[in-house]
Structures are given as structure tokens and as C-alpha cells.
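Following full-length UniProt numbering, the numbering of the sequence shown begins with 1 at its first residue and continues without gaps.
Here the structure is laid out as C-alpha cells; the discussion comes afterwards.
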Amino acid sequence: MSNETGSAKSTSDQDPFAPVPLDLKNPSTAALLAWLIPGAGHLYQGRRGKGILFLVCILTIYFLGLSMGGGRVVYAKWDDTEKRLPLICQLGVGLPTLPALAQAFFVSNGKKPIELFGIRLMAPPLDAAENASLHRKYGYLFEMGTLYTMIAGLLNVLVIYDAAAGPVWMIPDSEKKKRKKQGDSDEPETSSNGNTPQAAANVSAG
Numbered sequence: 001m002s003n004e005t006g007s008a009k010s011t012s013d014q015d016p017f018a019p020v021p022l023d024l025k026n027p028s029t030a031a032l033l034a035w036l037i038p039g040a041g042h043l044y045q046g047r048r049g050k051g052i053l054f055l056v057c058i059l060t061i062y063f064l065g066l067s068m069g070g071g072r073v074v075y076a077k078w079d080d081t082e083k084r085l086p087l088i089c090q091l092g093v094g095l096p097t098l099p100a101l102a103q104a105f106f107v108s109n110g111k112k113p114i115e116l117f118g119i120r121l122m123a124p125p126l127d128a129a130e131n132a133s134l135h136r137k138y139g140y141l142f143e144m145g146t147l148y149t150m151i152a153g154l155l156n157v158l159v160i161y162d163a164a165a166g167p168v169w170m171i172p173d174s175e176k177k178k179r180k181k182q183g184d185s186d187e188p189e190t191s192s193n194g195n196t197p198q199a200a201a202n203v204s205a206g
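Here it is in C-alpha cells:
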């Protein structure tokens with residue numbers, strides 16, 4: 001009976017805003033998985049809700065952006081004609097962007113890029129004329145697609161951090177104010193000479 005009472009008391013006295021212990025397993029492995037496939041690190045840790053949410057949302061944004069530019073908005077190129085800076089952000093998505101590196105390797109070695117259903121997916125433009133034709137063909141959607149894939153990559157950087165370091169626990173401002181008021185009310189009152197009422201009573205009694 002006493003055990004049940006003690007258990008109920010401890011439960012009722014528990015701080016609802018206290019951090020909940022969370023097993024992150026191997027943070028390095030979780031971070032690597034989160035980079036390779038968004039949400040995979042959280043699924044590895046057993047945090048299924050977040051894992052599925054990140055997987056669906058980030059990959060949806062990424063592939064939506066990729067489709068806007070006909071699969072050509074993600075590519076790797078770093079030479080005198082073009083330095084493809086958006087790729088730095090796009091690499092945050094991990095595995096889905098790696099074919100761009102393979103396509104760039106083939107082109108740089110004088111080989112034809114791999115085609116998928118007649119589309120040179122993630123292949124860099126062979127020259128400035130082809131680059132201009134891509135922008136003419138897709139118009140503003142080419143830039144929008146580039147932006148979407150960049151955002152997906154940057155969002156996944158936050159996901160990687162969450163998988164490696166765990167969630168951030170925050171106390172609402174309303175709760176902070178409430179605790180501050182309670183702390184002020186718990187402080188002992190002092191008399192005009194700086195003594196507490198109990199100390200003043202002892203002095204007068206002496």
C-alpha cells in the first residue's frame with residue numbers, strides 16, 4: 001500500500017517540463033543515416049514519428065523541385081564556365097543527390113552521361129548553349145526547382161543535428177513567469193532592519 005502511495009506521489013510531483021531521457025544510440029551512426037536518407041537516423045533511434053515526418057516532407061520538397069526542372073536542376077559542375085554553388089546545399093539531402101557527382105565524373109572524363117527514360121538526370125550542361133536552352137525550356141521553374149532542392153538540403157542539416165544531439169527542450173515563457181513568481185513568494189520576508197521575522201523575534205526575546 002505504501003509503495004503505491006509513494007509511486008503516485010512521485011508521479012504527481014514530477015515536473016511536466018523536465019527533459020525525458022532519450023536513447024540516441026550511436027549519435028555518429030544516426031547522423032550518417034540522417035544525411036544519407038532524411039529521417040533514417042531518427043528511425044534508427046526509434047523516433048518513428050519524427051523519422052517518417054522528415055522522410056516524407058523533405059523528400060517531397062526535394063523531388064518536387066527536381067521535377068520542376070526536368071531532373072536537371074541538381075548537377076555538379078566546377079570549372080571556368082560555371083561554379084555550381086547550389087549543389088553545396090543540395091548535398092544536404094544525401095543519397096538522392098549523389099547521382100549528380102557520378103554524372104559529373106562521366107562528363108569530365110569525356111563519356112556520355114547516363115540517360116534514364118531519355119532524360120539525362122542530374123547531368124551537367126555540356127556547354128553554355130545547353131545551359132541557356134534549359135533555362136528557356138523551363139523558364140522560372142528551373143530557378144524555383146533549384147531553390148526547392150536547396151531548401152530541402154538545408155532543412156536536412158537541421159535534421160542531422162537533431163539526430164546527433166537530440167531534441168532541444170524548452171520551457172514556455174508562461175511557465176517561466178509562473179516559476180519566477182513562486183520563487184519570489186518562497187523567499188523569507190525581511191524586516192526594515194534586514195532581519196527575517198523569526199530573527200527579529202529572537203532578538204527581542206533576548
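We put the beta carbon where it would ideally sit given N, CA and C, even for glycine.
Expressed to the nearest angstrom, what Euclidean distance is found between the alpha-carbon atoms of residue i and residue j?
i, j, result
"residue 6", "residue 89", "Confidence is the limiting factor: at residue 6 the pLDDT is only 44, short of 50, which leaves the residue's position unreliable, though a coordinate-based value still follows. Between residue 6 and residue 89, the C-alpha separation is close to 53 Å."
"residue 119", "residue 154", "26 Å"
"residue 164", "residue 78", "31 Å"
"residue 140", "residue 103", "24 Å"
"residue 148", "residue 34", "19 Å"
"residue 32", "residue 160", "8 Å"
"residue 22", "residue 166", "8 Å"
"residue 53", "residue 142", "27 Å"
"residue 131", "residue 94", "25 Å"
"residue 63", "residue 177", "44 Å"
"residue 181", "residue 27", "39 Å"
"residue 146", "residue 15", "46 Å"
"residue 12", "residue 151", "A caution first: residue 12 carries a pLDDT of 41, below 50, which makes its placement in the model unreliable, though a value can still be read off. Their backbone Cα atoms lie some 43 Å apart in a straight line."
"residue 117", "residue 172", "52 Å"
"residue 174", "residue 168", "18 Å"
"residue 58", "residue 179", "38 Å"
Spatial neighbours of residue i within its chain, please: CB distance less than 7 Å, with the 5 preceding and 5 following residues excluded, ordered by chain position.
i, result
"residue 128", "81"
To which residues does DSSP link residue i through a beta bridge?
i, result
"residue 83", "78"
Cutting at 8 Å between CB atoms, please list the residues of its own chain near residue i, excluding the five before and the five after it.
i, result
"residue 107", "113, 123, 124, 126"
"residue 50", "39, 42, 162"
"residue 91", "97, 153"
For residue i, which residues of its own chain have a beta-carbon under 6 Å away from its beta-carbon, when the five flanking residues on both sides are left out?
i, result
"residue 44", "30, 33"
Mind checking which residues open and close the alpha helix (DSSP H) that includes residue i?
i, result
"residue 21", "Unbroken run through residue 21: none, as it is neither H nor E."
"residue 41", "40-44"
"residue 169", "Element bounds for residue 169: n/a, residue is neither H nor E."
"residue 27", "27-36"
Complete runs of the alpha helix (DSSP H) confined to the segment 65-149 [at least 4 residues]: 86-90, 98-108, 128-138
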